[in-house]
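Residues 1 to 151 in the UniProt record's numbering are what the sequence shown spells out, letter by letter.
Cβ atoms here follow ideal geometry from the backbone N, Cα and C, with glycine treated the same way.
Note that the structure is predicted; figures quoted are calculated from it, not measured.
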Amino acid sequence: MRNLDLSPLYRATVGFDRVADLMDRALAADGTNATYPPYNIEKTADDAYRITIAVAGFAADELNVEVKENQLVVAARKAEDDTPRSYLHRGIATRAFERRFHLADHVKVTGASHVDGLLNIDLVREVPQALKPRRIEIAGTNTVDAKAVEA
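Listed below in structure tokens is the structure:
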């Protein structure tokens with residue numbers, strides 16, 4: 001089922017060759033640990049987003065948030081606890097994890113906070129002025145003659 005023919009996409013577009021890589025990574029992702037830890041991705045404004053990850057049992061210094069090459073990597077490792085404990089029921093998972101999010105071009109992480117067992121990561125899309133749509137004036141033969149007459 002992983003045999004996708006993207007040749008029609010290549011014939012009609014330019015610069016979207018990363019789409020094939022992204023789709024291949026998404027289809028090849030290991031689904032064994034895909035649900036831990038639970039998280040939300042919300043759109044907070046037109047160009048702003050927030051990722052909220054449930055990190056109950058982890059302190060802020062046990063969490064690591066990094067951005068490298070359009071990829072947000074959130075990892076956690078619980079500090080070793082030498083206290084022997086005997087659980088009757090253990091429902092709070094504090095196992096180490098690493099969660100990766102692929103970021104689109106021009107999406108930047110603006111901050112992170114750890115409140116009430118939730119890790120909030122704020123992101124914003126900052127499109128450079130050069131890439132925003134702009135109106136192009138269309139010059140015609142009449143405009144050149146009008147300027148010559150005015151001079």
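For the candidate residues R77, L123, T44, whose alpha-carbon lies nearest to that of E98?
R77
R99: first and last residue of the uninterrupted beta strand (DSSP E) it sits in
97-102
Strictly by DSSP, which residues pair up with L119?
I53, H114
DSSP-derived helix/strand/coil call for T44
strand
Could you give the DSSP three-state label for E62: helix, strand or coil?
helix
Note the first and the last residue of the continuous beta strand (DSSP E) segment covering L131.
Where L131 is concerned, there is no enclosing beta strand (DSSP E), given that its DSSP letter is neither H nor E.
Look at the alpha carbon of G57 and the alpha carbon of R134, and state the distance between them as a whole number of angstroms.
50 Å
Among V127, G140, H102, E80, which has the Cα closest to the Cα of D46?
V127
Are R125 and V109 closer than 8 Å when you measure CB to CB?
Not closer than 8 Å, so no.
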